[in-house]
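Asks: The numbering used here applies: residue 8 is where the sequence shown begins, and numbers increase by one. One structure coming up, written as structure tokens, with questions to follow.
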Amino acid sequence: MNISHNHIEHSGGLNDLYNKNNNLEIYVPKENLNLFRKKYSKSIVYAVSELQEIDKNIYLTGQLGTYLKEQALFLKTQSNELIVIVGCCHPGLEEIISIGKNIANIKGIFGGFHNQRNFSCLSEMKIIGACHCTQHLDLIKKRFPEEFREIHVGDSLHF
8 MNISHNHIEH
18 SGGLNDLYNK
28 NNNLEIYVPK
38 ENLNLFRKKY
48 SKSIVYAVSE
58 LQEIDKNIYL
68 TGQLGTYLKE
78 QALFLKTQSN
88 ELIVIVGCCH
98 PGLEEIISIG
108 KNIANIKGIF
118 GGFHNQRNFS
128 CLSEMKIIGA
138 CHCTQHLDLI
148 KKRFPEEFRE
158 IHVGDSLHF
């Protein structure tokens with residue numbers, strides 16, 4: 008289980024899951040380690056401070072940002088491209104995408120693009136899936152009409 012950052016809409020569902028099955032492995036930004044270890048004491052909680060491969064073709068950026076610590080998830084596809092999954096992008100799209108490019112070419116990005124205004128770093132994406140806290144949806148749709156997908160909780164994505 009990856010927790011991008013410690014906002015209730017990104018970690019609140021963990022309570023119900025933990026109550027049904029506390030045999031979890033939870034990956035959190037380093038800043039949140041003690042909080043999650045205390046709250047989910049029967050699970051294994053890992054602090055991620057830098058880029059780390061947590062399983063074959065699954066990576067976490069580690070803790071990014073200054074004001075609010077957040078991490079993103081990278082999934083490498085069978086075609087050796089990356090899918091980027093973000094929480095709110097508080098550290099910025101550019102920083103997250105830059106880290107991903109060190110692993111492989113990025114096929115697409117999904118998640119919330121909170122408070123982002125510069126979308127030039129998305130120009131090489133084949134798929135841009137925006138949800139949750141994304142601001143400037145109309146701007147993204149206009150600039151990337153073929154690549155843009157508005158996504159929602161419960162959607163299935165296949166690559």
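Backbone N, C-alpha and C define an ideal beta-carbon position, used for all residues, glycine too.
1. With distances taken from CA atoms, which of 80, 143, 121 is nearest residue 90?
2. Going by DSSP, what residue range makes up the beta strand (DSSP E) through residue 135?
3. What residue from 94, 38, 60 has the CA that sits closest to residue 70's CA?
4. Whole angstroms is fine: what's the gap from residue 59's alpha carbon to residue 156's?
5. Looking only at DSSP bridge pairs, what is residue 98 linked to?
6. Please list the segments of the beta strand (DSSP E) lying wholly inside the segment 24 to 66, counting only runs of 3 or more residues, in order along the chain.
Replies: The relevant details are as follows:
1. 80
2. 134 to 137
3. 38
4. 28 Å
5. BP columns for residue 98 are empty, so no partner.
6. 32 to 36, 51 to 55, 59 to 62
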